[in-house]
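J.:
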Amino acid sequence: MKGFLQTDSLETLFSYQEAVDLHPNMYQFLEDSSYNEEMFFLTYTTLKSILTDLFFKDDKVILLINKYPLHYKNKTDKILYKLVKNMGEITLSEQTFDYLNDDIDTYHRLQIETTCSNIKWKQLILCVINQDFPDRRPQFNRKNSLRAPEIYLVSPTSETMIYVYDDRGYIIYSDDKNKKIN
1 MKGFLQTDSL ETLFSYQEAV DLHPNMYQFL EDSSYNEEMF FLTYTTLKSI
51 LTDLFFKDDK VILLINKYPL HYKNKTDKIL YKLVKNMGEI TLSEQTFDYL
101 NDDIDTYHRL QIETTCSNIK WKQLILCVIN QDFPDRRPQF NRKNSLRAPE
151 IYLVSPTSET MIYVYDDRGY IIYSDDKNKK IN
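Start counting the sequence shown at 1; every next residue gets the next number (full-length UniProt numbering).
#1: For Thr91, which residues of its own chain have a beta-carbon under 6 Å away from its beta-carbon, when the five flanking residues on both sides are left out?
#2: Output the residue ranges of the beta strand (DSSP E) runs that lie fully inside the UniProt domain "DUF3885" (31 to 178) and measure 3 residues or longer, sorted by chain position.
#3: Does the segment 48 to 66 come close enough to the segment 158 to 165 that 3 or more CB-CB pairs lie under 8 Å?
#4: The beta strand (DSSP E) that contains Glu18, what's its start and end?
#5: Expressed to the nearest angstrom, what Euclidean distance is found between the alpha-carbon atoms of Ile65 and Ser34?
#6: Return the CA-CA distance between Ser145 and Tyr68, expressed in angstroms with no decimal places.
#7: Can you grab the Cα-Cα spacing for the pair Gln131 / Ile172, in whole Å?
#8: How do the segment 77 to 84 and the segment 114 to 126 stand: do at least 3 beta-carbon pairs fall below 8 Å, yes or no?
#9: Checking the sheet assignment: what are the DSSP bridge partners for Phe29?
#10: Check whether the Cβ atoms of Asp59 and Thr157 sit closer than 8 Å, and answer yes or no.
#11: Whole-angstrom Cβ separation of Arg109 and Leu5, contact assumed at under 8 Å?
#12: Answer with buried or exposed for Phe29, where buried requires no fewer than 16 other C-beta atoms within 10 angstroms of its C-beta.
#13: Should Ser15 and Asp175 be called a contact, given that it needs their Cβ atoms to be closer than 8 Å?
#14: Under a three-way DSSP split, which group does Thr7 fall into?
#15: Quick one: using the 10 Å Cβ neighbour count with 16 as the cut-off for buried, is Ala148 buried or exposed?
#16: Less than 8 Å between the beta carbons of Leu22 and Thr43, yes or no?
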């Protein structure tokens with residue numbers, strides 16, 4: 001298993017990465033400034049299909065969540081309740097890293113190990129693709145954060161990591177240059 005909590009740069013743990021634009025010819029807004037709901041629906045269904053191909057029902061899944069809090073009041077992290085069905089079926093580890101970029105001093109990484117069937121996939125996908133649009137729901141609570149959390153999904157079975165950065169696309173990481181997800 002790779003040392004996800006030992007490095008502040010997850011990308012360096014894999015020898016290959018590829019950025020994928022989900023819908024390069026579509027824009028989030030229509031000409032009348034309303035949301036392009038067709039694009040959001042296609043993004044959701046495409047990501048759901050990609051993640052279903054990567055993770056099988058009983059597969060182990062590792063969620064790596066980078067959070068950028070203003071402060072920590074307690075150890076209970078509400079993001080877990082938004083992403084996990086049964087808290088008793090997870091293994092949680094955490095680490096704080098120094099970060100000297102974008103006026104952020106530190107960030108906190110949660111590592112959640114569980115099974116694919118214990119993840120609230122719809123909630124996770126919708127929160128990620130809605131993150132840049134404050135009036136779209138559901139969303140991750142960012143009230144006490146400097147920015148939205150970054151969520152990396154790791155499949156130990158295929159030794160692949162995927163980072164869906166927002167409604168536009170994702171980056172796939174692997175040690176196998178031929179690993180493709182479409």
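Every residue, glycine too, gets a C-beta built ideally from N, C-alpha and C.
Quick caveat: nothing in here was measured; it's all calculated off a predicted structure.
T.: In brief:
#1: Excluding residues within five positions, the ones whose Cβ falls inside 6 Å are Glu113.
#2: Every beta strand (DSSP E) stretch that sits fully inside the UniProt domain "DUF3885" (31 to 178) and reaches 3 residues is listed by chain position as 60 to 67, 91 to 101, 104 to 115, 150 to 155, 160 to 166, 169 to 174.
#3: Here the segment 158 to 165 lies against the segment 48 to 66, with 3 or more beta-carbon pairs under 8 Å apart.
#4: 16 to 21 is the span of the beta strand (DSSP E), which, as asked, contains Glu18.
#5: If you take the alpha carbons of Ile65 and Ser34, they lie about 31 Å apart.
#6: Pairing Ser145 with Tyr68, the inter-Cα distance amounts to about 5 Å.
#7: If you take the alpha carbons of Gln131 and Ile172, they lie about 20 Å apart.
#8: A contact exists between the segment 77 to 84 and the segment 114 to 126.
#9: Bridge partners of Phe29: Tyr35.
#10: In terms of Cβ geometry, Asp59 and Thr157 form a close pair [threshold 8 Å].
#11: Sure, about 6 Å apart at Cβ, within 8 Å.
#12: Exposed, by the Cβ-count rule.
#13: Yes. Within cutoff.
#14: Note: Thr7 maps to coil in three-state DSSP.
#15: Around the CB of Ala148, 16 or more other CB atoms lie within 10 Å, so the residue is classed as buried.
#16: For Leu22 and Thr43, yes; Cβs fall inside 8 Å.
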